[in-house]
Structures are given as C-alpha cells and as structure tokens.
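This report concerns only the one structure given below.
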Amino acid sequence: MVIITDATEADLDQIFQIETESFEDPYPYSLLRAYLFLANKLYLVAKQREKVVGYIIGIIQYGYRGHIVSIAVEPIYRKQGIGAKLLNEIEERFKLNGARYSYLEVNTNNLSAISFYRANGYLIMYVRKNYYGRDKHAFVMVKNLYYKYLD
Ligand SMILES: CC(C)(COP(=O)(O)OP(=O)(O)OC[C@H]1O[C@@H](n2cnc3c(N)ncnc32)[C@H](O)[C@@H]1OP(=O)(O)O)[C@@H](O)C(=O)NCCC(=O)NCCS
Numbered sequence: 016m017v018i019i020t021d022a023t024e025a026d027l028d029q030i031f032q033i034e035t036e037s038f039e040d041p042y043p044y045s046l047l048r049a050y051l052f053l054a055n056k057l058y059l060v061a062k063q064r065e066k067v068v069g070y071i072i073g074i075i076q077y078g079y080r081g082h083i084v085s086i087a088v089e090p091i092y093r094k095q096g097i098g099a100k101l102l103n104e105i106e107e108r109f110k111l112n113g114a115r116y117s118y119l120e121v122n123t124n125n126l127s128a129i130s131f132y133r134a135n136g137y138l139i140m141y142v143r144k145n146y147y148g149r150d151k152h153a154f155v156m157v158k159n160l161y162y163k164y165l166d
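Residue 16 is where the sequence shown starts when you use my numbering, and the numbers rise one by one after that.
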C-alpha cells in the first residue's frame, strides 16, 4: 500500500536518487533540500512501507495559483497510479491554500508525462521556447481546480 505524506529531511537521499534516475538534468541535492523550507506542506512523498517511491513539490504563487515544481516516481513503480495520487493530493492542498488553478512546465519531448497530465485534467496552453536550454522547449499545462472535466 502506498501512502502520501509530508517530505522530511530524512527522505532527501531517496528523493535525490529518484530525481537522478528520472531527469537528464536533475535538480541538485541542495535545491531539493531548500524546497523543504520553501514549499511548506507542499512537498510530498509517496511511501511504500518505509521506502520513498515518488515525490512532488509545489508552491503557491500570488495566493491564487499552484505551480507544480517537480514530480517523479521511481521507474519500477511507475504506471501504478502513484503519480496520480501525488498530483491529486497536491491539488487538494493547493485548493486549501486558495489556488484556483494549477500549472506546470513540461518538456515538449516528454510524451509520457504530457499524457499523464492530460489524463489528470491538464490542458496545453502555450509553448515556452528554450525553457530548458537552447532548443529545449516547454509546454505550459494548466488545470482549473474547480472545473469537473468530462473527458
Ligand atoms: C510522470 C510520472 C510522474 C507519472 O508517474 P506514474 O506513477 O507512472 O503515474 P500514473 O501511474 O498515475 O499514470 C501513468 C500512466 O499509467 C497508467 N496507469 C495508472 N495506473 C495503472 C495501472 N494500475 N496499470 C496500468 N497502467 C496504469 C495511467 O493511465 C497513465 O497512463 P498514460 O500516461 O498513458 O495516461 C512518471 O512517469 C515519472 O516519474 N516520469 C519521469 C519524471 C518526469 O518526467 N516528471 C514530469 C516532469 S514535468
């Protein structure tokens, strides 16, 4: 059984391990650690028994929108609904903090993440060119947290 809980300093090594397995340009350990202080109650881990199998970081901007800073699930635990659980929980917390919508940037080449977000109610809004570096573009995807999607 997977539980979603607040991330702590003790989880950082495992979070960093997942990060390096998941991204070509992983966030440095120091940044993942700094978010423990910046993303109060919006830094969550998925745990199976005591093991960290995924994490998500969010922040509230301007009091009305939630930004997904990062999400990753350990490769062998993917496609079991853990990513959706992390996303649902952070969206609930965004709402509790007054956010009306949630948004994120995703690499235009990251087709599995794009389809994951679409399946969870996010729509592509526009492209941010060179967001990840030269010729590495991002889609900005947005979800209205108060609108029930039919499809
Ligand atoms: C994006 C990511 C977090 C999704 O995590 P996940 O735990 O695999 O997500 P879910 O299991 O909730 O959903 C993923 C897919 O599995 C499917 N799925 C969910 N439960 C399933 C199950 N029990 N059996 C089979 N498939 C299932 C979902 O339908 C979804 O399919 P889709 O992508 O075709 O729509 C994960 O792929 C990841 O860590 N990627 C690398 C890091 C990354 O790119 N992060 C996003 C950066 S913007």
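Ideal placement from N, C-alpha and C gives every residue a C-beta, glycine not left out.
| Item | Value |
| --- | --- |
| Helix, strand or coil at R143 according to DSSP, with G and I counted as helix | strand |
| Cβ neighbour criterion (16 or more within 10 Å) applied to Y77 | exposed |
| Completely contained beta strand (DSSP E) runs for the region 29 to 74, where each covers 3 or more residues | 58 to 63 |
| Y42 beta carbon near ligand 2 (any heavy atom closer than 8 Å) | Of the ligands this structure carries, namely ligand 1, none is ligand 2. |
| Through-space distance from Y42 to R149, alpha-carbon basis | 18 Å |
| Sub-9 Å separation of Y70 and L119 beta-carbons | no |
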